[in-house]
Amino acid sequence: MERQEIIKAVNSIFSSRFELEESELTEDKNLVEDLQLDSLDMVDMIVGLQQKFGIMLRDNKDIRNVRTLGDVYNLFEKLIEEHPEIVDKIK
Amino acid sequence: MFRNINSRLPSEETLGSFLMEKRRAVVTGIGVVSPLGNSASVFYEALKAGRSGIRAMTEWHGEFGKNIAGAPVSLAPAEVKAISRKVRRTMGNAALFSGVAAAQAVAQSGLDAAEFSAGRIGCVIGSTVGSASSMTEACVAEFEGRRDDLSACHFFRLMSHSSSFNVADMFGINGIQLSTNSACASGLQAVGTALELIQLGKADAVIAGGSDEATPLVASSFQLLYALAEEESAEPETLSRPFDARRQGLVCSEGAGILVVEELEHARRRGAEILFEVAGYATNCSGWHVSHSDAKQIANCMRTALDDAGIAPSEVDYVSAHATGTRVGDQAEAEAIREVLGGGVPVSSLKGHIGHTLGASGALELAAVAGMMRENLVLPTRNLEEVDDCAGILLPRTAEERELRVCLKNSIAFGGVNATLVCRRFG
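Sequence lines, in order, name chains H and E. Read left to right, the first sequence gives residues 0 to 90 (numbering that gives the first Met the number 0). Read left to right, the second sequence gives residues 0 to 426 (numbering that gives the first Met the number 0).
This is the structure in structure tokens:
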């Protein structure tokens, strides 16, 4: 799966759940400081990404340590590399 | 020892002075979300025109296997988006209705936004449940094994005080926040509680009212008790018939009524327009049955509210009844009104127009009372054609011009709860 496709899938969660414009969603954006996500939003980000990618993330330590949107893209690039079957589960 | 304790109590003189100087509360803003439109003026004009907000809920056909009448609210996307995402995310529909109505009420009152965070503004809003639709959604997710799909915000949508804390957050209110969750008396108890907080000096203004949602879960709760009007052959808009001989039960409705209740001198200093005075309030319970209305205790509640206002029964010009269209409930309320006020005071129920908005009803119907007092006009009960067991009280069939200085609003709820608010024209 190309990185651009991962970015598109991740961004769809940020657009729908947090009502952010596509133009705001760049790799360098800090989730808290730039995108104004708070603790409830961070949980909802995990819930949204779980639904989108069809995998459980709640107990994944890496997802709880992401700081920027680029970190989220990188995490999913790594997860898909390790578990290619995820691609078939993306909604 | 006793002398020392007594020395700390207020003297009779001080206590008398305190009681003499009981602070007065007035309404300076009213917001409405209703099946007949989303502002106090649109709502009142629709009632005056005799319109009905009730229709066949075809979207519920799957749940009931037949057409059930209901009175849903419609919110424009702009009304919803006007509330910031960070507040809106924790709102179920009931809290959303409260938020939209509160924004109207606060705008009309002209309260200074800087005051909200000074600790003297409160927020008291009640509903039967925080959000019936969110409750259903959570149960379905649980039963289908999809608990992990629920948003982090979901629990905040269905919590019993969801309307109250969400509206407080909308405005940055950091004073007293309460929820008067007593089913169909919730909204009126909230306004009464606002009066008491102001009288006690604990708040200078309170955003107060009620809200609720119409859902299949709620409608079926009344259906189970044979308290839902569900005759399929009848036109939906004729099904809600308070006080009428052919009444069969209530029609489930939804909405919110939110008022800005403000201490009189506080309102005067700001030069705010005063819509009416909240002159007295009482609430009690029957203490014997959760679903039967109790005429004796409804009468006691009305008398106590009048005493609280220092107003004699003979001074009452109109009663906005709770009357939902159930056989027993309407009859008991009619009996109580007859006992306290006799048969010469006009009485009407607005539930013929909009159905029963549940926890919203008390506060929402106050918006109509305010309009009636402003215009000295008694609006009739829609669909009232023939009276049998509710005879002996004055039930106008058409709108009547009449001097309205003092109006009572009743709310009667499951759990045996009664509430009466005394509204007095100001000035």
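Think of the CB as a built atom: it goes at the ideal place given N, C-alpha and C, for glycine as much as any other residue.
Separation of residue j from residue i, as counted between CA atoms
i, j, result
"residue 335/E", "residue 117/E", "43 Å"
"residue 43/E", "residue 375/E", "13 Å"
"residue 29/E", "residue 369/E", "9 Å"
"residue 259/E", "residue 311/E", "26 Å"
"residue 409/E", "residue 69/H", "59 Å"
"residue 418/E", "residue 131/E", "23 Å"
"residue 13/H", "residue 63/H", "16 Å"
"residue 302/E", "residue 115/E", "35 Å"
"residue 25/H", "residue 87/E", "25 Å"
"residue 277/E", "residue 314/E", "15 Å"
"residue 325/E", "residue 272/E", "38 Å"
"residue 384/E", "residue 333/E", "16 Å"
"residue 190/E", "residue 127/E", "15 Å"
"residue 469/E", "residue 425/E", "Not covered by the structure: residue 469/E. The range shown for chain E is 0 to 426."
"residue 455/E", "residue 57/E", "A question about residue 455/E goes unanswered here, because the residues of chain E that appear run from 0 up to 426."
"residue 397/E", "residue 386/E", "14 Å"
"residue 0/E", "residue 27/E", "With a pLDDT of 40 at residue 0/E, under the threshold of 50, the predicted position of this residue should be treated as unreliable, and no value is reported."
Candidates the options: closest to residue i by CA position
i, options, result
"residue 415/E", "291/E, 270/E, 206/E, 23/E", "291/E"
"residue 61/E", "267/E, 214/E, 228/E, 398/E", "214/E"
"residue 239/E", "78/E, 411/E, 356/E", "356/E"
"residue 10/H", "65/H, 22/H, 53/H", "22/H"
"residue 232/E", "306/E, 55/E, 293/E", "55/E"
"residue 212/E", "392/E, 22/E, 33/E, 397/E", "33/E"
"residue 204/E", "268/E, 217/E, 144/E, 141/E", "268/E"
"residue 223/E", "196/E, 108/E, 114/E, 63/E", "63/E"
"residue 329/E", "405/E, 425/E, 351/E", "351/E"
"residue 18/H", "2/H, 71/H, 35/H", "35/H"
"residue 136/E", "285/E, 22/E, 216/E", "216/E"
"residue 401/E", "323/E, 424/E, 294/E, 377/E", "377/E"
"residue 309/E", "423/E, 265/E, 380/E, 65/E", "423/E"
"residue 174/E", "197/E, 154/E, 180/E", "197/E"
"residue 285/E", "21/E, 153/E, 413/E", "413/E"
"residue 147/E", "47/H, 1/H, 0/H, 40/H", "47/H"
"residue 466/E", "323/E, 103/E, 36/E, 81/E", "Residue 466/E lies beyond the range of chain E shown here (0 to 426); nothing can be said about it."
"residue 294/E", "270/E, 338/E, 243/E", "338/E"
"residue 195/E", "373/E, 138/E, 144/E, 304/E", "304/E"
"residue 30/H", "83/H, 82/H, 71/H", "71/H"
Contact check, residue i vs residue j, beta carbons under 8 Å
i, j, result
"residue 39/E", "residue 209/E", "no"
"residue 149/E", "residue 256/E", "no"
"residue 282/E", "residue 184/E", "yes"
"residue 125/E", "residue 176/E", "no"
"residue 51/E", "residue 93/E", "no"
"residue 344/E", "residue 394/E", "no"
"residue 361/E", "residue 250/E", "no"
"residue 254/E", "residue 156/E", "no"
"residue 262/E", "residue 24/E", "yes"
"residue 50/H", "residue 90/H", "yes"
"residue 67/H", "residue 28/H", "yes"
"residue 101/E", "residue 169/E", "yes"
"residue 39/H", "residue 151/E", "yes"
Cβ-Cβ separation, residue j to residue i (assumed contact under 8 Å), whole Å
i, j, result
"residue 421/E", "residue 407/E", "6 Å"
"residue 219/E", "residue 166/E", "So it is not a contact: roughly 29 Å between Cβ atoms."
"residue 45/H", "residue 85/H", "Not quite, the Cβ-Cβ distance comes to about 15 Å (not below 8 Å), so this is no contact."
"residue 331/E", "residue 353/E", "Rounded, the Cβ-Cβ distance is 22 Å, inconsistent with contact."
"residue 45/E", "residue 123/E", "No, residue 45/E and residue 123/E are not in contact; Cβ-Cβ is about 27 Å, not under 8 Å."
"residue 342/E", "residue 307/E", "Contact doesn't hold; Cβ gap of about 24 Å is too wide."
"residue 247/E", "residue 234/E", "In fact, because the Cβ distance is near 13 Å, the residues do not count as touching under 8 Å."
"residue 366/E", "residue 31/E", "5 Å"
"residue 80/H", "residue 5/H", "That pair is no contact at about 11 Å."
"residue 241/E", "residue 348/E", "4 Å"
"residue 178/E", "residue 159/E", "6 Å"
"residue 346/E", "residue 318/E", "4 Å"
"residue 120/E", "residue 202/E", "7 Å"
"residue 105/E", "residue 95/E", "Not a contact, Cβ separation roughly 16 Å."
CB contact below 8 Å: residue i versus chain E
i, result
"residue 39/H", "yes"
"residue 65/H", "no"
"residue 43/H", "yes"
"residue 23/H", "no"
"residue 20/H", "no"
Beta carbon proximity, residue i to chain H, threshold 8 Å
i, result
"residue 138/E", "no"
"residue 269/E", "no"
"residue 293/E", "no"
"residue 75/E", "no"
"residue 168/E", "no"
"residue 84/E", "yes"
"residue 150/E", "yes"
"residue 189/E", "no"
Residue i: contacting residues in chain A (beta-carbon distance under 8 Å)
i, result
"residue 147/E", "Although the question refers to chain A, the structure presented lacks it and instead comprises the protein chains H and E."
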